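What follows is a single structure, written as structure tokens, with notes after it.
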Amino acid sequence: MERHAVLLRGINLARRNRIAMPELRAALEADGFRDVKTYVQSGNIVLASRASPERVAEKVNALIKKRFGFDVIVLVRSGAELEEVVRRNPLSKIAVDPKRHLVTFTSSPLPRAVVDRMTAVAGPREQFAVIGREVYSWHPAGVGRSPLWERLAGKALGIEATSRNWTTVTTLLAMAHEGTAR
């Protein structure tokens with residue numbers, strides 16, 4: 001079985017889309033996933049499955065809709081894909097604070113027009129790089145004051161996306177490497 005990182009967008013924010021992680025873990029295990037682990041309360045899951053990342057996303061989305069009553073964006077990367085995301089980090093030399101260094105995971109590569117709009121709104125010291133289905137971004141003044149972050153966080157990308165800070169990305173990779181999938 002392959003390990004996968006499952007990223008849910010927009011759960012447990014304020015009072016919207018509340019899911020208790022122990023309940024989600026139990027539901028995923030009951031649905032046939034193995035070695036299910038969660039990290040913090042914002043929809044970070046590592047699990048084992050024989051299914052492709054796309055099929056895992058479909059199954060997790062269907063389970064959440066049926067069990068918890070709402071639709072969420074579910075993006076999945078295999079353990080190997082997540083390892084590649086970390087390995088190829090183009091901002092590693094400048095992004096010195098992991099809380100201000102983000103990876104935005106997207107469902108498909110960004111169209112050139114979207115990348116051009118992001119370039120136009122980026123703050124003076126902000127940097128970003130797009131590699132495949134990931135956008136690496138560095139927000140030295142903080143994410144909260146970033147016009148680039150607003151573009152990445154909102155629906156302006158025009159595709160499904162969710163962001164994680166570098167600490168979360170590397171923690172999920174470490175979790176994907178833990179133990180042996182059954």
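So that you can map any letter, position 84 of the sequence shown is 84 in our numbering, and since no number is skipped, the others follow by simple counting.
Cβ atoms here follow ideal geometry from the backbone N, Cα and C, with glycine treated the same way.
Here the structure is a predicted model, which means the values were calculated and not measured.
Three-state class that DSSP yields for residue i in the structure shown
i	result
E83	helix
H177	helix
F105	strand
R18	coil
N44	strand
I131	strand
Proximity of residue i and residue j at Cβ, strictly below 8 Å
i	j	result
I105	L7	Per the sequence shown, residue 105 should be read as Phe rather than Ile. Yes. Within cutoff.
L63	A5	no
T170	V76	no
A176	L82	yes
Nearest to residue i (by Cα), restricted to the options the options
i	options	result
L148	F128, T167, E134, R164	F128
V46	K66, M1, R117, K155	M1
L152	E126, A174, M175, A176	E126
G144	Y136, L102, N44	L102
E150	A120, E178, N44, T167	A120
A174	G142, T162, E29, Y39	Y39
Own chain, CB closer than 7 Å to residue i, minus 5 neighbours either side, in chain order
i	result
S108	R133, I159
V114	L157, G158
Notebook entry, point to check: Quick one: any contact between the region 12-27 and the region 49-59, if contact means 3 or more CB pairs under 8 Å?
Noted result: no
Note to self: Is it the case that the region 30-47 contacts the region 90-101, given that we only count it when at least three CB pairs across the two stretches are under 8 Å?
What the structure shows: no
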